[in-house]
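Q: Heads up: the protein sequence lines correspond to chains A and B, in order. Per the UniProt record's numbering, the first sequence starts with residue 1, numbered consecutively. Per the UniProt record's numbering, the second sequence starts with residue 1, numbered consecutively. Yeah, the Cβ is synthetic: ideal placement off N, Cα and C, and Gly gets one too. Sharing a structure with you now.
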Amino acid sequence: MMPARVLRIRSTPLRLTVILSVIFTATSLACFATTFFLVRANLTAAILSDMQQTVDTFGSTADLAELREHLTEAALTTDPAYRILHFLPDDGAVIANVKRAAPVSGFAVLPGSDFATSDRPLAESYQVRSLRIGDGQLIVAQSRDSIIEMAEVFAAAVLMGLLPAIGIAASAGLWVARRTQQRIGTIQTALSAITSGQTAARVPGVAGRHDDLSGIGQDVNDMAAAQEALLVSMRQVSTDIAHDLKTPIQRVSVLLDQVMTKTDLSAAQETLLLRAKDETACIVRTFQALLQLAQIEGGAARDRLTAVDLTDIARDVVDFLEVDAEARGLILTTDLTSDAIVAGERQLLSQLLVNLIQNAMLHGGDGGSIQVTVSTGPDGVTLVVADRGPGIPEHERSKVLQRLYRLERSRTADGNGLGLALVAAVCTLHRAHLTLADNAPGLAARIDFPKPPSGTGMFAQGPHLPQ
Amino acid sequence: MKILVIEDDAATGAYIADGLREEGHSVDLIASGADGLVQATIGTYDVMVVDRMLPGLDGMSVVKTLRATKNATPVLFLTAMGGVDDRIAGLHAGADDYLVKPFAFGELSARIAAIGRRPKMQDDPISLTVADLDMNLLTRKVTRAGQIIDLLPREFALLEQLMRRKGRVQTRTMLMESVWDIHYDPLTNVVDTHISRLRAKIDKPFGSELIETVRGAGYRINVA
Ligand SMILES: Nc1ncnc2c1ncn2[C@@H]1O[C@H](COP(=O)(O)OP(=O)(O)OP(=O)(O)O)[C@@H](O)[C@H]1O
Ligand SMILES: [Mg+2]
């Protein structure tokens, strides 16, 4: 069995518009119809009473000869287009203002074609009554053209008045619906951007308007601003903690180092100390990453960007990590164009590459292969690191760029969720655009570097020295 | 060597000074930038270790001032955790190398050795030799005991780095920096993988180990 197919309109404003248009059309038609039938009933009644009068006139004449005289005179003076008279006596000649009349009995509505004259025009439709009067059968047919004309006027009114009105109402409705839909759309877009982690996204054009949609937009914006502020303060807190704990951690590490080198230790003690050192190293790494992030986000390094060849950097990094990939049973391939010059900071860029390739090995390793591509185009240089692993679900893609955020499945793996945050920060510093895309399967991390400013003194001068 | 350490944190200063003394160096420890600068100009040192953050005159100004007065004493710059900008600024100010705190003593000691006693090698040696291992820098041919060894470019570069500083410890980070120009700590175990590949080619087939692992520090290629 096929389920009944229902036309579903997802957009609320559009649906409301359609419903309103249908209601408007239906009510207008009902109005017209009621009026039409009332008027027609009135007209019919008028015709019938007119006819009755005629019949009464003849009916009241008792004398047969006088009746014939009456009828003959009436037949001569009555326009058959208005009223047809047809008297067929039991004996003798027909008295009529038409040549032929349809045989009828009682009441009927007949078309004009059922009658015939020699040369005079007839009405389109007649209200007909046939009755016995005196010594014959009288047919009186009264023109119904007034009703037909009325119907035509109504049809014209519907055609020229109602239809355009419906059209105008529907298109105005659609226009309003589209506009409302667009405004709802901008709210939806902003909301989904915000919930997927882009806390800087906002609903545009809500300021200065005071309707309900702007109100909702404003609420969404306020919510996003609060969330953004929270994120910023979380960042600030983590940076502050890292700053405060920097020195104690450093001392602990120094003390551990001293114990290791200056005392005679049993094997068990040494194992414990080594573990303690490993843990400290782990803490140091996290703090180092947090502090470095804060510094990169501070943007001071932007002054130090020089012309660097991304291909050179990629070659070095891949050359270094290749053995690691091999050891994990992965194939690391490259496709590097030469002369991929970007305005960059070499160390940060190599760290960015290391992070992306390590992610591909660690989180996308199931796929067996990793491809690093550097290409040049009219708009600048593009770097892509792609793996064939499980990838990152779309709604998580901007969240993984936040510090300390890791996917559920990676919580047990090494690392602390700062790698991509650093990648994103380095991209921002380079005014490069980072996209995490689906490699079907796997993740393709793509970075588009803008064309380095040519003809400026930047490359000739070399790095800018802070004073 | 005569080493001047300018470090205001007492614990770190003592740690560095004690460690270096134990290695047989003579060490002066100064806790402020201004005093350090005076000491550096009146005494003659083989190496200076200068902390970036110092009360009064900071480490960077100390190094800049020294370089401005044509004092060429090698400087190892100590920078705080997370100080990416510091270390680069330090190098530009004229430091010879930098080290991010906290560091293992082995790392510090290896780096001091590397910048301090730069032997006046002939500018461009054509070949490097360690025991029966020969490396021709022009033909890029490597032989051990007369036998040709096929090395990948990166293996060649790694071996060259070790041979150029034969007898001296190279830490994993130093190798990473000099061979691949990567300045990123958490990858030091990858260096081990590279070394073991290199060993498989130049040590294993010959039964005797030229590349030695120095515990807590790094690697060294031995002279004898
Ligand atoms: N190539 C990838 N394939 C699948 N998931 C990935 C990939 N790269 C990153 N992820 C997911 O994104 C999360 C964040 O990555 P990020 O590099 O920021 O942190 P991490 O790798 O877990 O730790 P760290 O980089 O600090 O050592 C990872 O935990 C993982 O869940
Ligand atoms: Mg990572």
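Taking CB distances under 7 Å as the criterion, tell me whether residue 101 of chain B reaches chain A.
A: Put simply, the CB of residue 101 of chain B is near chain A, with a gap under 7 Å to one of its CB atoms.
Q: Taking residue 55 of chain A and residue 129 of chain A to be in contact with their CB atoms under 8 Å, please state how far apart those CB atoms are, rounded to whole angstroms.
A: 7 Å
Q: Considering residue 94 of chain A, what are the terminal residues of the alpha helix (DSSP H) in which it resides?
A: Note, residue 94 of chain A: premise wrong, no alpha helix (DSSP H); not H, not E.
Q: Between residue 190 of chain B and chain A, is any beta-carbon pair separated by less than 7 Å?
A: yes
Q: Less than 7 Å between the C-beta atoms of residue 485 of chain A and residue 183 of chain B, yes or no?
A: Residue 485 of chain A is absent from the model: chain A starts at 1 and stops at 467.
Q: Between the C-alpha atoms of residue 412 of chain A and residue 224 of chain A, what's the straight-line distance to the nearest angstrom?
A: 31 Å
Q: When you compare the CB of residue 154 of chain B with every CB in chain A, is at least one pair closer than 7 Å?
A: yes
Q: Cβ closer than 8 Å: which chain A residues qualify as neighbours of residue 69 of chain B?
A: Those within 8 Å of residue 69 of chain B in chain A number zero; the least Cβ separation is about 18 Å.
Q: For residue 406 of chain A and residue 186 of chain A, what's the separation of their Cα atoms in angstroms?
A: 29 Å
Q: Which residue's Cα is closest to the Cα of residue 103 of chain A: A/97, A/118, A/91 and A/87?
A: A/87
Q: Compare the C-beta of residue 253 of chain A with all C-beta atoms of chain B and state if any pair is closer than 7 Å.
A: yes
Q: Within 7 Å (strictly less), CB to CB, does residue 219 of chain B reach chain A?
A: no
Q: Quick one: Cα of residue 361 of chain A to Cα of residue 242 of chain A, how far?
A: So the two alpha carbons sit approximately 28 Å from each other.
Q: Three or more C-beta pairs under 8 Å: does that hold for the stretch 9-17 of chain B against the stretch 410-427 of chain A?
A: Output reads no: the stretch 410-427 of chain A does not touch the stretch 9-17 of chain B.
Q: Please state if the CB of residue 391 of chain A and the CB of residue 442 of chain A are separated by a distance shorter than 7 Å.
A: Result yes, Cβ atoms of residue 442 of chain A and residue 391 of chain A sit closer than 7 Å.
Q: For ligand 2, is there a heavy atom less than 6 Å away from the beta-carbon of residue 419 of chain A?
A: yes
Q: Let me check understanding here. Comparing Cα to Cα, which of A/212, A/155, A/156 and A/316 lies closest to residue 180 of chain A?
A: A/212
Q: Where does residue 453 of chain A fall in DSSP's three states?
A: coil
Q: Here's a check: name, in chain order, each residue in its chain whose Cβ is nearer than 8 Å to the Cβ of residue 294 of chain A, leaving out the five neighbours to either side.
A: 235, 239 and 242
Q: Are the stretch 338-353 of chain A and the stretch 200-218 of chain B touching by the rule of at least three beta carbon pairs closer than 8 Å?
A: no
Q: Could you compute how far the alpha carbon of residue 211 of chain B sits from the alpha carbon of residue 448 of chain A?
A: 42 Å
Q: Name the chain A residues whose beta carbon is nearer than 9 Å to that of residue 96 of chain B?
A: Under the 9 Å cutoff, chain A gives no residues; its nearest Cβ is about 17 Å from residue 96 of chain B.
Q: Tell me residue 147 of chain B's beta-bridge partners as DSSP assigns them.
A: B/144
Q: For ligand 2, I want to know if residue 416 of chain A counts as a neighbour, meaning its beta carbon is within less than 6 Å of at least one of the ligand's heavy atoms.
A: no
Q: Do you know offhand how far residue 10 of chain A's Cα is from residue 381 of chain A's?
A: 42 Å
Q: How big is the Cα-Cα spacing for residue 228 of chain B and residue 253 of chain A?
A: Any property of residue 228 of chain B remains undetermined from this structure, which presents chain B solely from 1 to 224.
Q: Hey, does residue 181 of chain B have any beta-carbon neighbour from chain A nearer than 7 Å?
A: yes
Q: For residue 124 of chain B, count the other beta carbons within 10 Å of its own beta carbon; 16 or more makes it buried, fewer makes it exposed. Which is it?
A: exposed
Q: What in chain A is Cβ-close to residue 12 of chain B, meaning under 8 Å?
A: 250, 251 and 254
Q: Of all Cβ atoms in chain B, is any one closer than 7 Å to the Cβ of residue 461 of chain A?
A: Annotation note: pLDDT 43 at residue 461 of chain A (below 50); position unreliable, coordinate value reported separately. Closer than 7 Å: no.
Q: Which ranges does the alpha helix (DSSP H) cover as unbroken runs of at least 4 residues, wholly within the stretch 232-307 of chain A, from first to last along the chain?
A: 267-298
Q: Is it the case that the CB of residue 189 of chain B approaches a heavy atom of ligand 2 more closely than 6 Å?
A: It does not: the Cβ of residue 189 of chain B is nowhere closer than 6 Å to a heavy atom of ligand 2.
Q: How far does the alpha helix (DSSP H) with residue 15 of chain B in it extend, from its first residue to its last?
A: 10-22
Q: Taking contact to mean at least 3 C-beta pairs separated by less than 8 Å, is the stretch 164-179 of chain A in contact with the stretch 116-123 of chain A?
A: no
Q: So residue 186 of chain B contacts chain C; which residues on that side make the cut at Cβ distance below 7 Å?
A: The structure shown contains no chain C; its protein chains are A and B.
Q: Quick one: residues in its chain with C-beta nearer than 7 Å to the C-beta of residue 2 of chain A, no 5 flanking neighbours on either side, listed in chain order?
A: With a pLDDT of 47 at residue 2 of chain A, under the threshold of 50, the modelled position of this residue cannot be trusted, and the question is left open.
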